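Colleague: So for the sequence shown, the numbering used here puts the first residue at 6; every next one is plus one. Ideal placement from N, C-alpha and C gives every residue a C-beta, glycine not left out. As the structure is a computational prediction, the values presented were derived from the model and not from experiment.
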Amino acid sequence: MKNTSDLEYLAYLETFITENRRDKFIEILQSRTTHFTIAIEDVFQLHNTSAVMRTCEVFGIQQMHVIEEKYGKKIDKEIALGAQKWVDVNRHASAQTCIDSLKQQGYKIIATSPHNDSCLMDDFEISERSAIFFGTEKMGLSDTVMQQADGFLKIPMVGFTESINISSSAAIVIQNITGRLRKSDISWKLTEYEILEKRIDWTRKSIKDIDFITSKYLETV
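1. Using a threshold of 8 Å, state whether the C-beta atoms of Lys113 and Arg134 are closer than that.
2. Look up Glu133 in the DSSP assignment and say whether it is helix, strand or coil.
3. Output the distance between the C-alpha atoms of Trp91 and Asp11, rounded to the nearest integer angstrom.
4. Cβ atoms of Thr149 and Ile66: under 8 Å apart, would you say?
5. Return the Cβ separation of Val94 and Ile137 in integer angstroms, given the expectation that the two are a contact with Cβ distance under 8 Å.
6. Classify Phe217: buried if its beta carbon has 16 or more other beta carbons within 10 angstroms, exposed otherwise.
7. Is it the case that the stretch 155-173 contacts the stretch 194-210, given that we only count it when at least three CB pairs across the two stretches are under 8 Å?
8. In angstroms with no decimal places, state the Cα-to-Cα distance between Ala100 and Arg37.
9. I need the boundaries of the alpha helix (DSSP H) containing Arg37, first residue and last residue.
10. Should Ile31 be labelled buried (16 or more other beta-carbon atoms within 10 Å of its own) or exposed?
11. Mark Val226 as exposed unless 16 or more other C-beta atoms lie within 10 angstroms of its C-beta, in which case mark it buried.
12. Name the DSSP bridge partner or partners of Cys124?
13. For the beta strand (DSSP E) containing Lys113, list its first residue and its last residue.
14. Using the Cβ count rule (16 or more neighbours within 10 Å means buried), how would you classify Phe139?
15. Buried or exposed for Ser118, going by 16 or more other Cβ atoms inside 10 Å?
16. Below 7 Å, is the gap between the Cβ of Ala175 and the nearest heavy atom of the ligand FMN?
17. When you compare only the Cα positions, how much space is there between Met6 and Tyr198?
18. With distances taken from CA atoms, which of Asp28, Leu146, Ala175 is nearest Thr42?
19. By alpha-carbon positions, which one of Ile215, Ser132, Ser211 ends up nearest to Thr23?
20. Quick one: is Gly111 buried, meaning 16 or more other Cβ sit within 10 Å of its Cβ, or exposed?
21. Exposed or buried, what is Arg204 when buried is set at 16 or more other beta-carbons lying within 10 Å of its beta-carbon?
And the structure:
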């Protein structure tokens, strides 16, 4: 349910941005989804984390999870090219805390791996809310993720190489599953309340001196 105070706050904030920007937010949010989310584990090459974030933004994945058990680094803003403003990045100190959080939210844990009883990408069942986990090219995903995964997913490959760079594999998988999702009759869109929350969030990020402007608003309510 929409909160009246939130609606009033949004209306106030939108007086500080252009109509075109407001309309763009509304348009883009119609294509956003939390039906799928992406988790990447201990990726030590920072540009790969940023590139995956950018792919999430391009294909409408609203939430991304970064496990920093070994390598705690900040997002490379140059590679992300502003995507960090529009994608919700959840940072976790361990794979276990990430898994626990996602399961509590109703997500199935899907590990990407060329081995095991992995499902080919085109055969992957898209109807259930799923968190797709990606590991490093050399090490893959940890035993913690592999042992607790509800399913396994792999990209069909016909060459000698068994693995590809994480940013490339994430782009391939995300494009495939989001494309199929949008062609389905699955209820994948954000709720009205989620859209309202993101409109407020994105509008706040678009305004300079937002704390001062918010304080002025609070004086009137």
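Modeller: Answer, in terms of the structure:
1. yes
2. coil
3. 19 Å
4. no
5. Their Cβ separation, rounded to whole angstroms, is 15 Å, which puts Val94 and Ile137 out of contact at 8 Å.
6. exposed
7. no
8. 25 Å
9. Segment: none, Arg37 is in no alpha helix (DSSP H) and carries neither H nor E.
10. exposed
11. exposed
12. Leu158
13. 113-117
14. buried
15. buried
16. No copy of the ligand FMN appears in this structure; indeed no ligand is present at all.
17. Low confidence applies here, because Met6 scores a pLDDT of 41, under 50, leaving its location unreliable; read the following figure in that light. Near 6 Å, if we compare the C-alpha coordinates of Tyr198 and Met6.
18. Ala175
19. Ser211
20. exposed
21. buried
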